[in-house]
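**Q** Order-wise, the sequence lines are chains A and B. The numbering used here numbers the first residue of the first sequence as 1 and each following residue consecutively. The numbering used here numbers the first residue of the second sequence as 1001 and each following residue consecutively. The beta carbon of each residue, even a glycine, is placed where N, CA and C say it ideally should be. Quantities reported herein were computed from a predicted structural model and do not represent experimental measurements. One structure coming up, written as structure tokens, with questions to follow.
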Amino acid sequence: MSDKLIKIIRFIGLGFLEPIIRLSRGEEPRKNGILILKIIIAPLASVLLFIGVWQTGSTALFNKEANYRIEKALKDQGQKAADEMKLCIDSGDISCQPNTLPSPSQVNASFKTLLKDHKAISIDKKNFKEKTAALNKQRNAEGKDPIVYTGRPSFVDQIKTSIKTVFAGFLLAILIAVPIGVIIGLSDTLRSSFNWLIQIFKPVSPVVWLLLVFMIVKTLTKDSDTDSSFIISFISVGLCSMWATLVNTAMGVSTVDKDFINVAKVLKLGPLQKVFKVILPSSLPLIFTGLRITLSVAWMVLIAIELLAQSPGLGSFVWEEFQNGANDSNSKIIVAMFVIGIIGFLLDRLMLAIQKFVSFNKNEGI
Amino acid sequence: MAYLELNSINKTYGQGANAIEVLSNINLSIEEGEFVAIVGFTGSGKTTLVNLINGLLAPTSGEVLFKNNPVEGTSHERGVIFQNYSLLPWLSVYQNVEMAVRAAFPNENRSFRDNHIKNYIDMVSLTSAIHKRPKELSGGMRQRVAVARALAMDPEMIIMDEPLGALDALTRGNLQDEILNIWNKNKRTALLITNDVDEGIYMADRIIPLRPGPNATLGPEFKINIDRPRDKITLNDNAEFKKTRNNIIEYLMDIGNERMTDSDISYQLPDLEPKDLRWEFK
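Listed below in structure tokens is the structure:
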């Protein structure tokens, strides 16, 4: 029973909890105790160290900025103004706070603010929905578009939009890269004739892809009034990130073990059977390695693309906060940074789990 | 006409100056129901020979005739047991065999196939491991799956390319008996490639040594006049066994020595004369 639990937590990448479970059952206390020290306590200590360094750094930057302000006041307006400035900064008044790298506690506070903000906006939305429900029913019956909430999206909404965009882009990348990769992997002629295209377009920067997609989509959606920013950003994400999958799929398909090909020949499998029963299964691990890279690239370029395309999402959240320049903008940007990092990490874990699941070489280290 | 005939086969790899003739002037004929073993050193071109017969390779010159028809590509009539098992690692034992059965009997219904597959897996006594994947099996078990897969296609001829080469002596012995049983039951034609003379004598009707490559060619055949079923334990004291074994080994040793001394390279030595130093130190 409990071993099943351990298997599950190992599978989803929470293997570090294993010694706690084992210790709680009284198994090998000394060994598991050391394990806990090694894989839980030590990493926790590194987190504390990180926060400590951050705290010291931000304090030093804060002091530098504060001294500069006081000196500036002294130089421009004299001793009295400098004293006032010093008092004002010490009192923590928002109006005169130095604007620099926020401290961990400020970031934490901003995180809470953002959640509170999300709650408020959600309630707002819900109220709006209830209020307009009857009206929308009526409009629907009349064949008109319903009235939708057009207020400011909350931080959590931005996260959801970003995840939606990244998966749309990822799906597009799969749909393009896997079939093309299989086809060019199967044929030496096609591979050598399209290799130049892959080699040239692979290193192109996300920004250029965005502009290219922008040129095309802008023209294509000229006569419709749909919001093209989502389309533009997900297509750009897909095009930027599909190359890893394309190259890996082509490589996996073209380097299938000669023994397997011989088996297919001896069994006289038809071409379709050969592809689906021998070539694809044997190249699945490489294809999934490609997909894992693709997803992480997709998440990375998504932020940059949203930032440039002004499409909603975490990228534009960061950009808006930067432009905003409010007192807590800096700490909100840091919150976004952590959220982006953590989501990227979770996406990678997800792909790793799927990759392990489809790989027939379960013992192979990844 | 023989069942399988190889007429003056040559096989060359590479082109131009890099061309290496691996097999030259191979002539072989096998009768229906016969068990023939080809014995050779490693690297003598045994696998190339097997691939020519099963149709994975085409000869550079000469012809391979199977039941009087030239061999063009692989066929379900010739089942192959590969040297390195070549099981598909993502499929279970059942699925590996199933793949062959589906390919060989595309028109039979599901229950026939299911029965057929289970019969053959049972024949190699792997029923308890039927849903395991190759990775979870030992070397001997994997080779038995490969045997089941080849036989389940009901081939008229079984071609075995060092099927037991990677196995330990005990497993090897067991599998030899199993293969012999199956061969005996259905009286198929069998061609065994091996590097073990004892194995050849124990299993085959005829042994043909393959002289080492490049330019490998077949040596004189040795008939094994030992009654079947042969008994492994008493075989060692059998006079006929000893005689044949010594003859074959002597032959192989001879060509081995020949190969070592028979070198075409001659070294041009510098034209030097010893200098008489006696006068200088006087």
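1. So with Cβ pairs under 8 Å, would you call H1076 (chain B) a contact of chain A?
2. Considering only the alpha carbon of each residue, which of B:L1191, B:P1209, B:R1245 lies closest to I1081 (chain B)?
3. Would you decide whether P43 (chain A) is buried or exposed? Buried here means 16 or more other CB atoms lie within 10 Å of its CB.
4. Report yes if the CB atom of I1159 (chain B) is closer than 8 Å to the CB atom of G1079 (chain B), and no otherwise.
5. Counting only Cβ pairs nearer than 8 Å, list the residues of chain B close to D259 (chain A).
6. Return the CA-CA distance between L17 (chain A) and I39 (chain A), expressed in angstroms with no decimal places.
7. What are the partner residues of I1158 (chain B), as DSSP defines its beta bridges?
8. How should V1147 (chain B) be labelled, buried or exposed, when 16 other C-beta atoms within 10 angstroms of its C-beta is the threshold for buried?
9. Hey, does L269 (chain A) have any beta-carbon neighbour from chain B nearer than 8 Å?
10. Can you pull the chain A neighbours of M1099 (chain B), defined as C-beta to C-beta under 7 Å?
11. Rounded to the nearest angstrom, what separates V76 (chain A) and K64 (chain A) at their Cα positions?
12. Closest to I334 (chain A) by C-alpha separation, out of A:I36, A:P19, A:P102, would be which residue?
13. Counting Cβ pairs closer than 8 Å, one from the stretch 128-141 of chain A and one from the stretch 93-108 of chain A, do we hit at least three?
14. Can you pull the DSSP bridge partners for G1040 (chain B)?
15. Do you know whose CA, among A:P281, A:K137, A:R152, lies nearest W1090 (chain B)'s CA?
16. Given that a residue counts as buried once 16 or more other Cβ atoms are within 10 Å of its Cβ, and exposed if not, what is H1131 (chain B)?
17. Give me the Cβ distance between I1208 (chain B) and E1221 (chain B), rounded to the nearest whole Å; I'm assuming they're in contact under 8 Å.
18. With a threshold of 6 Å on Cβ separation, who are the neighbours of E364 (chain A) within its own chain once the five nearest residues in sequence on each side are excluded?
19. By Cβ distance, which residues of its chain are closer than 7 Å to I180 (chain A), with the 5 residues on each side in sequence left out?
20. Which residues bound the beta strand (DSSP E) around N1025 (chain B)?
21. Using the Cα positions of N1010 (chain B) and I8 (chain A), report the straight-line distance between them to the nearest angstrom.
22. Residues in its own chain within less than 6 Å of T1171 (chain B) by CB, not counting five upstream and five downstream?
23. Is the beta carbon of I305 (chain A) closer than 8 Å to that of L212 (chain A)?
24. Mind pulling the chain A residues with CB within less than 9 Å of L1056 (chain B)?
25. So Q370 (chain A) and L314 (chain A) are supposed to be a Cβ contact under 8 Å. How far apart are they, rounded?
26. Sorted by chain position, which residues of the same chain lie with C-beta nearer than 7 Å to M351 (chain A)'s C-beta, five sequence neighbours on each side aside?
27. Looking at chain A, is there any beta carbon in it that lies within less than 8 Å of the beta carbon of A1103 (chain B)?
28. Does any residue of chain A bring its CB to less than 8 Å from the CB of W1090 (chain B)?
29. Going straight from the alpha carbon of P1274 (chain B) to that of S1266 (chain B), what length do you get?
30. Would G151 (chain A) be called buried (16 or more neighbouring beta carbons within 10 Å of its own) or exposed?
**A** In short:
1. Yes, H1076 (chain B) lies at the interface with chain A (some Cβ there is under 8 Å from its Cβ).
2. Closest option to I1081 (chain B), Cα to Cα, is B:L1191.
3. Counting the other CB atoms within 10 Å of its CB gives P43 (chain A) a total below 16, which places it among the exposed residues.
4. Yes.
5. Per Cβ cutoff of 8 Å: F1082, N1084, S1086.
6. In a straight line, the C-alpha of L17 (chain A) is about 9 Å away from that of I39 (chain A).
7. Answer is B:G1079, B:A1190.
8. Only buried fits V1147 (chain B), as 16 or more other CB atoms lie within 10 angstroms of its CB.
9. At least one chain B Cβ lies under 8 Å of L269 (chain A).
10. Here the neighbours are L267, K277.
11. In the sequence under discussion, the amino acid at residue 76 (chain A) is Asp, which differs from the Val named in the question. The straight-line gap separating the alpha-carbon atoms of D76 (chain A) and K64 (chain A) is approximately 18 Å.
12. When A:I36, A:P19, A:P102 are compared, the shortest CA-CA separation from I334 (chain A) is found for A:P102.
13. Not touching, per the Cβ criterion.
14. Answer is B:L1210.
15. Taking each of A:P281, A:K137, A:R152 in turn and checking the Cα distance to W1090 (chain B), the smallest one comes out for A:P281.
16. Result: exposed.
17. The beta-carbon distance between I1208 (chain B) and E1221 (chain B), rounded to whole angstroms, is 5 Å. This is short enough to meet the 8 Å contact definition.
18. Any reading at E364 (chain A) is ruled out, since the residue's pLDDT is 41, under 50, leaving its predicted position unreliable.
19. Closer than 7 Å at the Cβ level, and outside the excluded window around I180 (chain A), lie L246.
20. Per DSSP, N1025 (chain B) belongs to the beta strand (DSSP E) from 1020-1030.
21. Answer to the nearest angstrom: the Cα atoms are 58 Å apart.
22. G1140, listed in sequence order.
23. No, they are not a contact pair.
24. In chain order: N262, K265, V266.
25. This structure cannot settle anything about residue 370 (chain A), because the visible part of chain A is limited to 1 through 366.
26. Closer than 7 Å at the Cβ level, and outside the excluded window around M351 (chain A), lie L291, R292, L295.
27. Chain A, which has a Cβ nearer than 8 Å to the Cβ of A1103 (chain B), makes this yes.
28. Using a CB distance cut-off of 8 Å, W1090 (chain B) counts as an interface residue toward chain A.
29. Roughly 23 Å separates the two Cα atoms.
30. By the neighbour-count rule (16 or more Cβ atoms within 10 Å), G151 (chain A) is not buried but exposed.
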